[in-house]
Structure formats: structure tokens, C-alpha cells
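> Everything in the sequence shown is counted per our numbering, starting at 1019 for the first residue and increasing by one.
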Amino acid sequence: MSVSEALRRSAPLAQLRARLQDSADRFEAIRAALPGALARHVKPGPVDEEGWSLLAANAAVAAKLRQLTPRLEALLREQGWQVSSIRIRVQSN
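1) Taking just the CA atoms, how far does Val1108 sit from Ala1036?
2) In the structure shown, what three-state DSSP assignment does Ser1071 receive?
3) How is Val1060 classed by DSSP in three states: helix, strand or coil?
4) Helix, strand or coil for Val1108 per DSSP?
5) Measuring straight from C-alpha to C-alpha, what distance separates Arg1027 and Leu1034?
6) Buried or exposed: Val1021, going by 16 or more other Cβ atoms within 10 Å of its Cβ?
7) Can the beta-carbon of Pro1064 be found less than 8 Å from the beta-carbon of Arg1044?
8) Between which two residues does the alpha helix (DSSP H) holding Gln1100 run?
9) Hey, is the stretch 1053-1061 in contact with the stretch 1088-1098, meaning 3+ C-beta pairs nearer than 8 Å?
What follows is the structure, encoded as C-alpha cells:
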């Protein structure tokens, strides 16, 4: 059985796939608002009931993202997402 077929057949895996796609879609929606040099150091993180996470490559990137958070949340709301919060996490190596 292929991975894509397993994702379609399994409800928990299908939910995981939907959350991963949601995270990727949100990231694409805000990517243009990230300064070019910053965007390379940010990755989309998990979406859950409490909000969405962005993964920063280091503390400096995380600090800049925290400054941009209100604008990023507004962009998502403008595009129809229900946004409770965006969490910024430093990605461990």
C-alpha cells in the first residue's frame, strides 16, 4: 500500500495530512509579508486547537517574528482563517 493510499484510508492520518496542508497554506498566505532574508529562516509548524506555530531558525529570527505577529495574524484573518494565536518557536537542531 502506498503512503498516499494509507493517508486516504486512515482517518487519523487524513486529519494529520489536513493539518499539514493547513499549515502550509497559512505559511503561503503570510510569506509575502516576511522580509526576504527572514523568510528563508522560517518554517511552518503545527496547527492545533490553540493556534498555529512558526518555527524560527534562531532567537534573532524569533524576535523579529514576534514583532511581525500582529500583522501576520491580521493577514490570515483577512484571508478567512480563524486565528486565535501564532506561536513562535525556536527550532532545535
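We treat Cβ as the ideally placed atom computed from N, Cα and C, and that holds for glycine.
Judging by the given coordinates:
1) Sequence index remark: in the sequence shown, residue 1036 carries index 18 (1-based). Sequence index remark: in the sequence shown, residue 1108 carries index 90 (1-based). If I take the Cα positions, the gap works out to 24 Å.
2) Within the sequence shown, the letter at position 53 stands for residue 1071. The three-state reading of DSSP puts Ser1071 in strand, counting E and B together.
3) The residue given as residue 1060 occupies position 42 in the sequence shown. In the structure shown, Val1060 adopts extended strand secondary structure according to DSSP, grouped into three states.
4) Locating residue 1108 in the sequence shown gives position 90, where the first residue counts as 1. Three-state result, Val1108: strand.
5) Taking the first residue of the sequence shown as position 1, residue 1027 is located at position 9. Taking the first residue of the sequence shown as position 1, residue 1034 is located at position 16. Distance between Arg1027 and Leu1034, taken at the CA atoms: about 12 Å.
6) Within the sequence shown, numbered from 1, the residue matching residue 1021 stands at position 3. Of the other Cβ atoms in all chains shown, fewer than 16 fall within 10 Å of the Cβ of Val1021; this residue is therefore exposed.
7) For this step, residue 1064 is matched to residue 46 along the sequence shown. For this step, residue 1044 is matched to residue 26 along the sequence shown. No; because the gap between Cβ atoms is not below 8 Å, this pair is not in contact.
8) The residue you call residue 1100 lines up with position 82 of the sequence shown. Neither: Gln1100 is in no alpha helix (DSSP H) and is coded neither H nor E.
9) These segments do not touch.
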